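*Asks:* For the sequence shown, my numbering begins at -5 and goes up steadily by one.
Below you'll find the structure I mean.
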Amino acid sequence: MKKIILPIFLLLGIGTSAFADDASSIELLLSSMDMIWLTLAAALVFFMQAGFAMVEIGLTRPKNAGNIIMKNLMDFAGGSLIFWAVGWAIMYGASYGGFGSNLFLFSEDSSVLRDWIFQVVFAATAATIVSGAMAERTKFNAYLVYSVVISGLIYPVFGSFTWGGGFLNELGFHDFAGSTIVHSVGGWAALMGAIILGPRIGKYIKKDGKVEVKAIPGHNLPLAALGVFILWFGWFGFNCGSTLSGTDLSIAHVAITTTLAASAGAIAAMFTMWISMGKPDVSMSLNGALAGLVGITAGTWAVTPGAAIIIGLLAGIIVVFSVNFIDKKLHIDDPVGAISVHGVCGAFGTIAVGLFANKPDDGLVGLFYGGGAGLLGVQALGVLTGFLWVTITSGILFLIIKKTIGLRVKDHEEIKGLDMEEHGSESYPGFQIFHNV
């Protein structure tokens, strides 16, 4: 450890003789570095909210852009307050899944404050994923309700099973930065929301006993691309920050596996579309990069760079077939592919840890490295637990909202656009916005 600390003292111009053997001073410096690192990582993950907003706006129609901005703003604003009030205590209480002695409302412990700011941005990520799959037809007040419940209850309870020290953690479940804990939670909630909400008007047209699937293209691919680059940038905070220490020597390894998987995912999705559809599709290539990022998030610390490339390649292929299957076979309308990117590829990435993990010194070895099927089974159990917990609870939540305040806007509101109907403003004043279906 002194090999790390002493150069830092020299860089800061501090004489080392007074500190070299002073354990308390070194401990204080390490704690301060962790504080700075986690706060910076939290800021990077927070910036991902802008990325999610840009992707969703770019892949949907201009008449709903302002509504999407409001959703991404308010899911963090409302989610942070509810996670501060109850979510943190549920997820990390002294007894997992319940309020404990570290109830955040009354804590002044700087380490708790540091950990909270890093965790709240993860809670907001899980909530905002749902927005994309339910875009262009959801009532804004309904969105506020389910966003708060996801951040304050659904996500924290499952988190308590894992990062909070619950039964999955005790079994050895490994999800380093949240392929399942964050992304699949958001993805499976998005699945239930899209099913219960129903498709956009004109998306699926019945003709002669068959269903015709109509493409509803987004209005701004450059904006969607900007969103993906912002998300990729923020993902370094997501994954590297999950080392939880500014002096952890695995930070560079995590950054490398994250980069390689995202790159491989983009390339795999591009070629999959090129081969199957005849053209290298832009939006699917962008989703391929996100698929690679989601897929590597669980195992980014535990797999080799070569394995990260394989995971990214497979995630990029999976996302293409998953998007097409959900749209064309299941007829579930997901405008941005959130269910496939986050739900399906999150599950795949978590299971991939059981295949590709190679950390024998830490007791984490996958099937392909001679570790047997034990870890693979635990990873599969974690994925199944997350799927059941989220689909059941979010399904109940969406049904309650639908039967009470209502989940979906009226047809004429959907056709005119949620910017004017829900918020009384236009995102592109002075430009002609077409309001046809």
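All residues carry an ideal CB built from backbone N, CA and C; glycine is no exception.
What you are looking at is a predicted structure, and each value in this text was computed from that prediction instead of being measured.
1. Taking all protein chains shown into account, do 16 or more other C-beta atoms lie within 10 angstroms of the C-beta of E102, making it buried, or fewer, making it exposed?
2. Can a CB atom of chain B be found closer than 8 Å to the CB of G272?
3. Could you name each continuous beta strand (DSSP E) segment of 3 residues or more that falls completely within the stretch 174 to 245, going from the start of the chain to the end?
4. What is the residue span of the alpha helix (DSSP H) that F434 lies within?
5. Going by C-alpha to C-alpha distance, which of S173, I312, G300 sits closest to T344?
6. Among the candidates F161, Q43, G259, V347, whose CA atom is the shortest distance from the CA of V335?
7. Name the residue from D405, S421, L412 whose alpha carbon lies nearest to the alpha carbon of G196.
8. My assumption, with CB atoms under 8 Å, is that V179 sits in contact with I148. Please give the rounded CB distance.
9. Kindly provide the ranges of any alpha helix (DSSP H) runs that are 4 or more residues long and lie completely inside the stretch 394 to 430, ordered along the chain.
10. Can L140 and K65 be called in contact, C-beta distance under 8 Å?
11. Keeping to the same chain, check which residues put their C-beta closer than 8 Å to that of G52; ignore five residues upstream and five downstream.
12. Closer than 7 Å by C-beta to R131: which residues in its own chain qualify, once you throw out the five before and the five after it? Chain order, please.
13. May I ask you to list the residues that DSSP assigns as paired with N66?
14. How about G60 and H417: are their beta carbons less than 8 Å apart?
15. Can you tell me which of the three DSSP states A323 falls into?
16. Please say whether L38 and G228 have beta carbons closer to each other than 8 Å?
17. Do the stretch 311 to 319 and the stretch 79 to 86 make contact, defined as three or more Cβ pairs closer than 8 Å?
18. Answer yes if the stretch 229 to 240 comes into contact with the stretch 18 to 31, meaning at least three C-beta pairs across the two stretches below 8 Å, and no otherwise.
19. First and last residue of the alpha helix (DSSP H) that includes L162?
20. Taking the alpha-carbon positions, what's the Y90 to W383 distance?
21. Pull up the distance between the alpha-carbon of G368 and that of C234, whole angstroms please.
22. Alpha carbon to alpha carbon, how far is K397 from F350?
23. Check for me: the alpha helix (DSSP H) holding I111 runs from which residue to which?
24. If I'm right that A129 touches V330 with Cβ under 8 Å, what's the distance once you round it to whole angstroms?
25. List the endpoints of the continuous alpha helix (DSSP H) containing I303.
26. Taking its Cβ as the centre, do 16 or more other Cβ atoms sit within 10 Å of S442, making it buried, or is it exposed?
27. Report buried or exposed for S95, applying the criterion of at least 16 other Cβ atoms within 10 angstroms of its Cβ.
28. Between the C-alpha atoms of D169 and G203, what's the straight-line distance to the nearest angstrom?
29. Measuring alpha carbon to alpha carbon, tell me which of I326, T387, T291, S19 ends up nearest W226.
30. What first and last residue would you give for the alpha helix (DSSP H) that runs through G286?
31. So, with DSSP's three-state summary, where would you put Y90?
32. If you run the structure through DSSP and keep just helix, strand and coil, what is V359?
33. Checking 8 Å against the spacing of the C-beta atoms, do Q43 and A118 come in under that value?
34. Excluding sequence positions up to five away, which residues of its chain have a Cβ less than 6 Å from the Cβ of L6?
*Replies:* Concretely, from the data shown:
1. exposed
2. The chain inventory of the structure shown lacks chain B, comprising one protein chain alone.
3. 198 to 201, 204 to 207
4. With the chain running from -5 to 431 in the structure shown, residue 434 is simply not present.
5. S173
6. G259
7. D405
8. 7 Å
9. 405 to 410, 412 to 417
10. Looking at the sequence shown, residue 140 is not Leu but Tyr. Their beta carbons are not under 8 Å apart, which means Y140 does not touch K65 by this criterion.
11. G212, H213, N214, L215, P216, L217, A218, A219, L220, G221
12. L191, R194, R402, V403, E408
13. Answer is none; N66 lacks a bridge partner.
14. yes
15. Sequence check: residue 323 is Lys here, not Ala. Correct three-state label for K323: helix.
16. yes
17. no
18. yes
19. 161 to 165
20. At Y90, the pLDDT of 46 sits below 50, so the modelled position is not reliable; the number obtained from the coordinates is stated separately. Near 16 Å, if we compare the C-alpha coordinates of W383 and Y90.
21. 27 Å
22. 45 Å
23. 104 to 127
24. 7 Å
25. 299 to 318
26. There is simply no residue 442 to check, as the chain begins at -5 and stops at 431 in what is shown.
27. Confidence is the limiting factor: at S95 the pLDDT is only 48, short of 50, which leaves the residue's position unreliable, though a coordinate-based value still follows. Counting Cβ neighbours within 10 Å, S95 comes out exposed, since fewer than 16 surround it.
28. 45 Å
29. T291
30. 276 to 291
31. A caution first: Y90 carries a pLDDT of 46, below 50, which makes its placement in the model unreliable, though a value can still be read off. Y90 falls in the coil class under three-state DSSP.
32. strand
33. yes
34. Summary for L6: the model assigns pLDDT 49, below 50, so the residue's position carries little reliability, and this model does not support an answer.
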